[in-house]
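Scroll down for the structure; my scribbles are underneath it.
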Amino acid sequence: MSNKSPRYRTPLKNVAGLGSAKLGTAHFVYQRLTATALVLLSIWFLGFALSLIGADYVAATEAVSKPWNAVLLVGFLIASFWHAQLGLQVVLEDYVHTSLLALAVQTTVKFVAVLGAIVSVFAVARIALGN
Numbered sequence: 001m002s003n004k005s006p007r008y009r010t011p012l013k014n015v016a017g018l019g020s021a022k023l024g025t026a027h028f029v030y031q032r033l034t035a036t037a038l039v040l041l042s043i044w045f046l047g048f049a050l051s052l053i054g055a056d057y058v059a060a061t062e063a064v065s066k067p068w069n070a071v072l073l074v075g076f077l078i079a080s081f082w083h084a085q086l087g088l089q090v091v092l093e094d095y096v097h098t099s100l101l102a103l104a105v106q107t108t109v110k111f112v113a114v115l116g117a118i119v120s121v122f123a124v125a126r127i128a129l130g131n
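The letter at position 62 of the sequence shown is residue 62 when you use full-length UniProt numbering, and the numbering goes up by one with no holes.
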């Protein structure tokens, strides 16, 4: 008799227990939506930033405090942090293979992204609503 035993495992059995595939599509869609939003918002932000070249502090705060500029700036900040977190999540899933380390780094990335978004939005709100 041969040392090689026949494999009776089905392809489904080979991948069972390796994680759920239910959220991959949502992650993909969110990444593409934030990328699309960032393309449009980056064009606006570039024009906004270029319009502030040579402006003093008062002119810059007045420009940010206009409702449309404040709303678009908040959208840009939220989309940026969300997109960055999604991208880093994919990189970490691909390259960090230790379970505990992966969990710690993923949690840290999400925490930093949420904290950065909150602080940024608070700063824009503070400028827009007056000190």
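The C-beta atom is built at its ideal place from N, Cα and C for all residues, glycine as well.
{"Item": "How long is the line joining the alpha carbons of residue 44 and residue 126, rounded to whole angstroms?", "Value": "21 Å"}
{"Item": "For residue 109 and residue 89, which I take to be in contact (beta-carbon distance under 8 Å), what is that distance rounded to the nearest angstrom?", "Value": "7 Å"}
{"Item": "Suppose contacts are defined by Cβ-Cβ distances below 8 Å. Is residue 79 in contact with residue 34 by that definition?", "Value": "yes"}
{"Item": "Please report the distance separating the alpha-carbon of residue 77 from that of residue 87.", "Value": "15 Å"}
{"Item": "I believe residue 124 touches residue 73 by the beta-carbon criterion, under 8 Å. Please report the beta-carbon distance rounded to the nearest angstrom.", "Value": "5 Å"}
{"Item": "Hey, out of 112, 58, 31, whose CA is closest to residue 130's CA?", "Value": "58"}
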